[in-house]
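Following: one structure in structure tokens, then a few remarks.
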Amino acid sequence: MYAIVEIAGQQFKVAKDQKVFVNRLSGEEGDSVSFDKVLLTGDGDNINLGAPAIDGALVGAKITRHLKGDKVIVFKKKRRKGYKKKNGHRQALTEIVIESIDVKGGKKAASAKKEEAPKETKSDKKSEDLNQYTVAELKEMAKEKGLEGYSSMKKAELIEALS
Numbered sequence: 001m002y003a004i005v006e007i008a009g010q011q012f013k014v015a016k017d018q019k020v021f022v023n024r025l026s027g028e029e030g031d032s033v034s035f036d037k038v039l040l041t042g043d044g045d046n047i048n049l050g051a052p053a054i055d056g057a058l059v060g061a062k063i064t065r066h067l068k069g070d071k072v073i074v075f076k077k078k079r080r081k082g083y084k085k086k087n088g089h090r091q092a093l094t095e096i097v098i099e100s101i102d103v104k105g106g107k108k109a110a111s112a113k114k115e116e117a118p119k120e121t122k123s124d125k126k127s128e129d130l131n132q133y134t135v136a137e138l139k140e141m142a143k144e145k146g147l148e149g150y151s152s153m154k155k156a157e158l159i160e161a162l163s
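Residues 1 to 163, numbered by UniProt numbering, are exactly what the sequence shown covers, in order.
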């Protein structure tokens, strides 16, 4: 079983007993943390999809250690000017081990994709028929019907007024 979970502003695909390096979390080594922003869970062909998150789903983890990432060198230079700046950065990280993935709610992905086709009514068919006419023809129809202000109306407004 796997889950896509948002931890400290980033999304991770996690599974049970997996080690993950995330941005520094508050908490001591050995503390248990849980993340409730589970976006998707999967177990073989069974996929639960959240909109945006699955209600009631929880991913439990344990903080194993705090550490710093690899050093990144930031070097700035402007040629022929004698300008050079060398800077380094090490990202503060936390290593966590995923202990559990609990799913209590959520919809199946297949059921989330199903959509009902809208039923056509008489007014829809009538407006489709009126779409075939030009603006000049629609203005003539409005004049025959006795509508006022038809000369300044746009095509959509004419179709709405005539239907």
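Ideal placement from N, C-alpha and C gives every residue a C-beta, glycine not left out.
{"Item": "Classify Asp45 as helix, strand or coil using the three-state DSSP reduction.", "Value": "coil"}
{"Item": "Using beta-carbon positions only, say whether Lys68 and Val97 come within less than 8 Å of one another.", "Value": "no"}
{"Item": "Can you give the Cα-Cα distance for Arg80 and Gly88, rounded to whole angstroms?", "Value": "23 Å"}
{"Item": "Would you say Val72 and Phe35 are within 8 Å of each other, going by their C-beta atoms?", "Value": "no"}
{"Item": "Which value, in whole angstroms, describes the spacing of the CA atoms of Ile7 and Lys37?", "Value": "8 Å"}
{"Item": "DSSP state of residue 215, grouped into three classes?", "Value": "Here the chain comprises residues numbered 1 to 163, so residue 215 is not present and cannot be evaluated."}
{"Item": "Start and end of the alpha helix (DSSP H) containing Leu162?", "Value": "155 to 162"}
{"Item": "What's the gap between the Cα of Gly30 and the Cα of Gly60?", "Value": "13 Å"}
{"Item": "According to DSSP, which residues form a beta bridge with Lys81?", "Value": "Bridge partners of Lys81: none, in fact."}
{"Item": "Output the distance between the C-alpha atoms of Glu95 and Val22, rounded to the nearest integer angstrom.", "Value": "6 Å"}
{"Item": "Specify the secondary structure class of Asp102 as computed by DSSP and reduced to three states.", "Value": "strand"}
{"Item": "Among all the DSSP beta bridges, which residues are the ones paired with Thr94?", "Value": "Val22, His66"}
{"Item": "Quick one: Cα of Leu162 to Cα of Met141, how far?", "Value": "8 Å"}
{"Item": "Return the chain-ordered list of same chain residues with a C-beta closer than 7 Å to the C-beta of Lys19, the five sequence neighbours on each side being excluded.", "Value": "Glu95, Val97"}
{"Item": "State buried or exposed for Asn48, treating a residue as buried only when at least 16 other CB atoms are found within 10 Å of its CB.", "Value": "buried"}
{"Item": "In the structure shown, what three-state DSSP assignment does Tyr133 receive?", "Value": "coil"}
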